[in-house]
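Those sequence lines, one after another, are chains A and B.
For this note's numbering, count along the first sequence from 1 and bump the result up by 214.
For this note's numbering, count along the second sequence from 1 and bump the result up by 263.
Here a beta-carbon is modelled for each residue, glycine too, at the ideal position from N, C-alpha and C.
For reference, the structure discussed in these notes is given below.
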Amino acid sequence: MKISYNWLQSFFNKKLPVPEKLADLLTFHSFEVEEVKENNDDWILDIDVLPNRSHDCLSHKGIAREISVLLKYPFKLIDYGKKIKESKELASKVVKIEVEDKKMCSRYTSRVVVDVKIDSSPKWIQDRLITCGLKPISNVVDIANYVMLETGQPMHAFDADKIAGNKIVVRKAKKGEKMVSLDNEKYDLDENVLVIADEKGPVCIAGIKGGINPGIDGQTKRIVLEAANFNLRVIRQGSKKINLRTDASWRFENGLDPNLTQEAIDMCTYLIQKIAKGKVLKGLIDIYQDKREAKKINLDTFKVRSLLGINISDKDIIDILKRLNFKVKKTKNKLQVTVPTIRLDLSIPEDLIEEIGRIYGFEKIPSQLPNAFLIPSKKREDLIYQNKIKDILTNLGFSEVYNYSLLSNKESIKLANPVSQEQKYLRSSLMTLLIKNIKDNKRYFERVRLFEIGKVFYLDKRQVIEKKKLACIISLDEKKKESQEFYHLKGVIDSLLNKIGISDIWYDDTLGKNRKAEIKVGNDLLGYIEEIESNIAGFEIDFEKIVQLATEERVYAAPSKYPAMVRDISVLVDHGTKVVEVLNLINRVGGFLVRDIDLFDIYKGENIPDSKKNLAFHIVFQSDERTLVDSEVNQLRDIIITALEKEGGWEVRKQNA
Amino acid sequence: MHNQIKQKAIKEITQANDLKKLEEIYRTYIGRKGKITEILRSLKDLSEKEKKEKGKITNQIKNEINDMIKEKENKLLSKKDDNKGWIDVTAPGIKVPQGHLHPITLVQRQIEDIFQSMGFSVLDGPEVETSYYNFDALNVPKNHPARDVQDTFWLKDLDLLLRTHTSPMQARYMEKNNPPLRIIVPGKCFRYEATDSTHDIQFYQFEGLMVGKDVSVANLKAIIEEFLKEFFSSSDIKIRLRPSYFPFVEPGFEVDVKRKGGEWLEIIGAGMVHPNVFKEAGYTNEWQGFAFGAGIDRLTMIKYQINDIRLLYSSDLRFLKQF
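Okay, structure coming up:
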């Protein structure tokens, strides 16, 4: 909010500190002053009033009150009520006021001023309005705005002669009702909007915007002034509905003290009497339900010291509370603090402790390490594994990316209020954006290896499922080998899972003979691996699942004390034959002495018929109990060869001893 | 004397490792003014018998040295042509694929390490939240303007939202765990806002919470100070607290930090846990504590002097490979 330095000074006899110093004082004890700007003979302080203080500090008086507490400067208060000269004619004769919806309007205060001369306002008012960013219009309107900027209470003025039926009703709008505002905008209203209406219909959107019909113009003579307290929720709701925020609605939305209306309307009336030469009719029309009383809060001074961590005496605490204009009564071991109604934000002891802390000065609170209890710090298992896996993958040459969780592609969960079409669905897979990342990066790099760990989301029986996934994607340079990316990634998966202690990984192609397989460990499905395009392959796996598998206890076997023997076998098979078929056969007939089978080459091309491929294996034989002899290993090898030829129907091409 | 010269010559030839040096040795011993040549010249004054005897030996040595030099010469010449014995160490190494961790990961790890060393446990929480945990349990009443401050993404046809801060984990954790406690919760958050160089619809934040019987503002100051000193690896760190407002704390602060020679930076929101938050979690009023939250993106940007938050989510290797 823009605050005028000169205006603030007008509340004090003592000279205020220079604007920069004043700004620092407010920043460290009240609200951040975002900017101090010189403006003609004044300075503008742009103050970011906090939401919990908007009810009492979106005004010059509110800020001045803060300053008076901080500097211990006496605060000049003018009782405008005493300066008003009322005539004999009754205000209530000119206008009747009815509050239909009392919950939405806890107080409605009104005065009537007649014989008003509409003109432009005096320069001092115009200057202050301009300093605060408002446009001067006419004396009456400017005075109403001036009062709002000084007190924080929004005001409204109606031309009494334009109110149909001489009656004002505060009520909810009816569906289909319309209103044209002072600035000629049309608004369609409904029951979400609170209005001030005369006999014909809405003349003002309560607390938000005045209507053109009873607006003040050059011919206006008789004025009905309004200072009301509208419910903050109805103003918020109405302002959202008609999509309009004004200086008035901004203040109402934060809630206001209902006791504020009277001083505001008195000030406004007095200024109109003085400046627009109006005659004030007798009586304050005041519809006020459930009069707001000052709150009492019990404060334990021990708690003040304990929460702030300072050694402040009871006397100093009381002194600060009194500076804040609170009444303090000492009971046995507590203070009973009475808080004026203007401070809507204070209701519990902690609220008072904040006041004490900020007036005392947060900068004076020492840094002190806690007397902490000894509890070992823990880190969730998945966070430990997350770090481990990230390290393994970067060591394998993959770079980590953080993508957006929101996508343009259709997914099962949609945002109700997206910011853009590009980001309106929640991702159900990390792969969508990783594929895009690969393509973007291929413009600059021949080989791209990326990974991401992040949450994905999908619906399952109307329940949102949130899962952490790990995905890798790769694209290499010029083709050296068929599906090199796919096989490279298989190697990455094996290496990654082995490093975190997961073995028995297998690839299930029950999905059919395409370019995709499910990654499994035992019966657990981890995810899938796929050749996405001719030079891009990726995999995505369930992160929680691998953490679960990795943390299972394992039994380790000692390495065999006896030497291993290796035999190589080379098998010519049809192009469509899967490696796993050959492996399974070797395993089955080779028996328990076959320790490992390593496919070291797949060959197609010269000397091989077009429809065939050659698979070359190292078969490792080993026993835990004895040293194997050549003859038995050769015998096993021959059994394997026979089986490969007879059962498999494949040609065994070459063998060595 | 002959023998001495011979031994010396052999030694020098063996040690010679270039042709120039070999040339020098040749001149020293068997050139026109060489030592052996001198001896041969001096023989003319001796008797025929002695001349014959000594001449024979001297010539023999001369031939031996000559042969050795020849041999060495060949060796050095052939070495010059042979690349096998030589490596061009200035040629570039073969490229090994190199992966990089995301800068947010690097910063998050550092944060986790520092707080773990101070006894804080590290937790994680859901990104899709209920309005109860995101707002109500944190003392943000319905229709309150505070809900405006952090505009929220809501899920269509579901009564759920994308968390606007990591604070819901305060409520979730306290609901299930008894005090005393010390936790931090790093994670991804979302806000409905227009993007620019310092704002994005998603960002990373970490939440801290410490609850005990006498945990105070003074303790909060000390913990944050310790963290910042470690994080910026400097003991020359100043902090200051300014009044601020978050519905789930009372009193509430903004913590600014100033590094040596730098400007004040606003980086942490903090405060003492609001009694309503404790009440909602079922804690009695004997407990008190502090909570704070800071942007991991923001700390990352400060640490690595990154001027646009959107770079962090660009997945551009030209950017990522610098970390």
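For secondary structure counted as the beta strand (DSSP E) over 3 or more consecutive residues, the segment 760 to 801 of chain A holds these complete runs in sequence order: 779 to 788.
For residue 241 (chain A), the closest Cβ of chain B is nearer than 8 Å. When A:390, A:583, A:302 and A:291 are compared, the shortest CA-CA separation from residue 483 (chain B) is found for A:583.
Straight across, the Cα-Cα distance linking residue 671 (chain A) with residue 511 (chain B) is about 28 Å. DSSP, reduced to helix, strand and coil, places residue 323 (chain A) within a strand of the structure shown. For residue 372 (chain A), the enclosing beta strand (DSSP E) begins and ends at 370 to 373. About 6 Å separates the CB atoms of residue 396 (chain B) and residue 435 (chain B); that is less than 8 Å, so the two are in contact.
Under DSSP, residue 621 (chain A) shares a beta bridge with A:639. Its Cα nearest to that of residue 329 (chain B), the residue B:276 stands out among B:276, B:463 and B:452.
Interface residue (Cβ-Cβ distance to chain A less than 8 Å): residue 383 (chain B) is classified as such. Inter-residue distance for residue 398 (chain A) and residue 425 (chain A) is about 8 Å (C-alpha atoms, whole angstroms).
If you compare the alpha carbons of A:343, A:247 and A:650 with that of residue 578 (chain B), the shortest gap goes to A:650. Here residue 340 (chain B) carries a helix assignment [DSSP, helix/strand/coil]. Residues of the same chain with a CB within less than 6 Å of the CB of residue 420 (chain A), apart from the 5 flanking positions on each side, are 408, 409, 410 and 444 in chain order. For the options A:479, A:759, A:462 and A:545, the alpha carbon positioned closest to that of residue 734 (chain A) is the one of A:759.
At a C-beta separation below 8 Å, residue 481 (chain B) has these neighbours in chain A: 522, 523, 524, 579, 580, 581 and 582.
Taken atom to atom, the span from the alpha-carbon of residue 522 (chain B) to that of residue 529 (chain B) is near 12 Å.
Annotated as proximal: residue 526 (chain A) and residue 519 (chain A), with beta-carbon spacing under 8 Å. Residue 297 (chain A) sits in a helix when the DSSP states are folded into three classes. In the pairwise beta carbon analysis, the segment 553 to 572 of chain A is classified as not touching the segment 615 to 633 of chain A: fewer than three pairs are separated by under 8 Å. For residue 468 (chain B), the number of other beta carbons within 10 angstroms of its own is at least 16, and it is reported as buried.
At least one CB of chain A lies nearer than 8 Å to the CB of residue 465 (chain B). One thing to note: residue 475 (chain B) has its Cβ no nearer than 8 Å to the Cβ of residue 514 (chain B).
Taking one beta carbon from each stretch, the segment 316 to 324 of chain A and the segment 255 to 268 of chain A have fewer than 3 pairs nearer than 8 Å; the two do not touch.
Taking each of B:471, B:394, B:485 and B:280 in turn and checking the Cα distance to residue 502 (chain B), the smallest one comes out for B:485. Residue-level contact check: residue 623 (chain A) does not touch chain B, since none of the beta carbons of chain B fall below 8 Å from its beta carbon. For residue 316 (chain B) and residue 294 (chain B), the gap between their C-alpha atoms comes out near 22 Å. Within 10 angstroms of the beta-carbon of residue 465 (chain B) lie 16 or more other beta-carbons, which makes it buried. Within its own chain, the residues whose Cβ lies closer than 7 Å to the Cβ of residue 611 (chain A), once the five positions on either side in sequence are excluded, are 663, listed in chain order.
Listed along chain B, the residues sitting closer than 9 Å to residue 565 (chain A) by beta-carbon distance are 513 and 514.
Chain B places a beta carbon closer than 8 Å to that of residue 265 (chain A), counting this residue as a contact. A distance of 8 Å or more separates the beta carbons of residue 437 (chain A) and residue 336 (chain A). Secondary structure note for residue 435 (chain B): its alpha helix (DSSP H) is the uninterrupted segment 431 to 439.
For residue 745 (chain A), the CB contacts under 8 Å within the same chain, skipping 5 residues up- and downstream, are 697, 699, 700, 729, 730 and 751 in chain order. Nearest CB-CB separation between residue 407 (chain A) and chain B: not below the 8 Å threshold. Taking 8 Å as the upper bound for CB-CB distance, residue 796 (chain A) and residue 808 (chain A) are not in contact here, some 13 Å apart.
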